[in-house]
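Heads up, the sequence shown is in the numbering used here, so the first residue is 138 and it goes up one at a time. Where a beta carbon is used, it is the ideal one built from N, C-alpha and C, also for glycine.
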Amino acid sequence: MSNQRPPRIAIVAGEASGDLLGSHLIQAIKAHCPNAEFYGIAGAKMVFAGARSLYPMEKLSVNGYVEVIKHLPELLKIRRNLKKTILANPPDLFIGIDAPDFNLGLEASLKSHGIPTVHYVSPSIWAWRGGRIKKIAKAVSHMLVVFPFEAVIYQKAGIPVTYVGHPLADTLPAQPDRDGTRARLNLPIAQPIIALLPGSRVGELKQHAQLFVETAQLIQARNPQVRFITPLISRATREIFTAAMHACEHLPNIQIMIGHADYALAAADIALIASGTATLEAALLRRPMVITYRVPKITAYLMRRQAYLPWVGLPNILANREVVPELVQENATAPQLADALMALLEDKTRRAEIETEFTRQYVSLKQNTAEKMAAAILPYLKCD
């Protein structure tokens, strides 16, 4: 690479959690290479950190077999056009952030053209579709993993890997301030509060909005003192959730927030969460939770045929046991979720045990991730 131009990095994230991780990664690299340029597919946080997005990140935010098939022609066209753009003026490095179904194929092609590729956040090969390790070996020059047990898998496969910890553990407080956060959000200090996190994608809200609202309605009928807070990151998701609320016969006391899931979780006693990165965020904030998830029936059938683990929630996977309840698919009903949440709310001893396990996970994942990421990536760049 000539020193006449700054380091250039093509980068792709596919959803809100990847956008957050990508923003941390960009900041980590810029701390050492302030003039580094990033372009590709990025969300608002990555753009704010300095990336130039060529396509809306939301185009990639689809999940499940059925949903992906519906959007496949558009996704393939975006990937072809992005590959042409990258190869027309090759960067020093490509970084794919999660989104393995989109990124791994792109990475394999770019790597075959001599462009180094880093993939950040391992696909869940320890949970299902373990055969992907062969595809990953062809696609990835270096894998950055966020969980300690993942590094062993890649070492055995001969794939360069670095365990960097999880950046959320570095950014979230060591001692979450429940009362202080409630005061900041104008929430009552003494009343029980349950955070509702139905997901970040429109598809997730279509599956979960009515379920979450009906669950809140049942809980409030049993304990009128309970209040609910729901952080939603986009207008589209807020509209779906609001419509579900107004379809209720008895409107539960739900306060909708614009984003800030961390505030909602810090303020809450417990949470109901659609499986995903939000479950890890809740664990790192030491908030007991009930995990749920619904997908179309055919998607659930296909995923179950390939699953290796009995859990879907990251806190349970990290503990290798059921720390918090999981009620998914046909078990994800409002009465069952309400019962599980009320049991958790009323059992202080159990909540304390869960919080102890979550403290252990917080310590394990707090690794000064920014410096570890930079140390793994900088050898691919020449910084002035």
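Just so you know, the alpha carbons of Glu152 and Gly159 end up roughly 10 Å apart.
The beta-bridge partner set that DSSP reports for Thr429 consists of Ala411 and Leu464. For the pair Leu334 and Leu422, the CB atoms are not nearer than the 9 Å cut-off. The alpha carbon of Pro253 has as its nearest neighbour, out of Glu244, Thr367 and Pro260, the alpha carbon of Glu244.
Residue state for His387 is assigned as coil, using DSSP reduced to three classes. If you look at Thr493, you'll find it in the alpha helix (DSSP H) that goes Lys485 to Leu502. Taking each of Ala150, Ile166 and His161 in turn and checking the Cα distance to Ala511, the smallest one comes out for Ile166. Going by DSSP, Ile148 is part of the beta strand (DSSP E) stretching over Arg145 to Ala150.
Here Val461 is not near Leu482, since their CB atoms are 9 Å or more apart. With contacts defined by Cβ atoms closer than 9 Å, Thr352 and Ala475 form a contacting pair. Val255 is bridged by DSSP to Ile232 and His279. Membership of Glu195 in any alpha helix (DSSP H) is not indicated, and neither H nor E is assigned to it by DSSP. Between Met394 and Leu409, the gap from beta carbon to beta carbon reaches 9 Å or more. When C-beta atoms of the stretch 246 to 262 are compared with those of the stretch 171 to 190, fewer than three pairs fall below 8 Å, so the two segments do not count as touching.
No Cβ-Cβ contact shorter than 9 Å links Phe239 with Val339.
The stretch 323 to 332 and the stretch 365 to 373 touch, with three or more beta-carbon pairs separated by less than 8 Å. Between the alpha carbons of Pro237 and Asn453 lies a distance of about 22 Å. In the pairwise beta carbon analysis, the stretch 314 to 325 is classified as not touching the stretch 274 to 283: fewer than three pairs are separated by under 8 Å.
Apart from sequence neighbours up to five positions away, the residues of its chain that approach Thr414 with a beta-carbon distance below 7 Å are Ser154, ordered along the chain. Taking 4 residues as the shortest admissible run, the stretch 290 to 364 contains the following complete alpha helix (DSSP H) segments, listed from N- to C-terminal end: 304 to 308, 315 to 321 and 339 to 359. DSSP places Glu244 inside the alpha helix (DSSP H), whose first and last residues are Pro237 to Ser249. Around the Cβ of Gln362, a 10 Å sphere holds fewer than 16 other Cβ atoms; the residue is exposed. According to the DSSP secondary-structure assignment, Thr416 is paired through a beta bridge with no residue. In the DSSP assignment, Ala507 falls within the unbroken alpha helix (DSSP H) covering Thr506 to Ile514.
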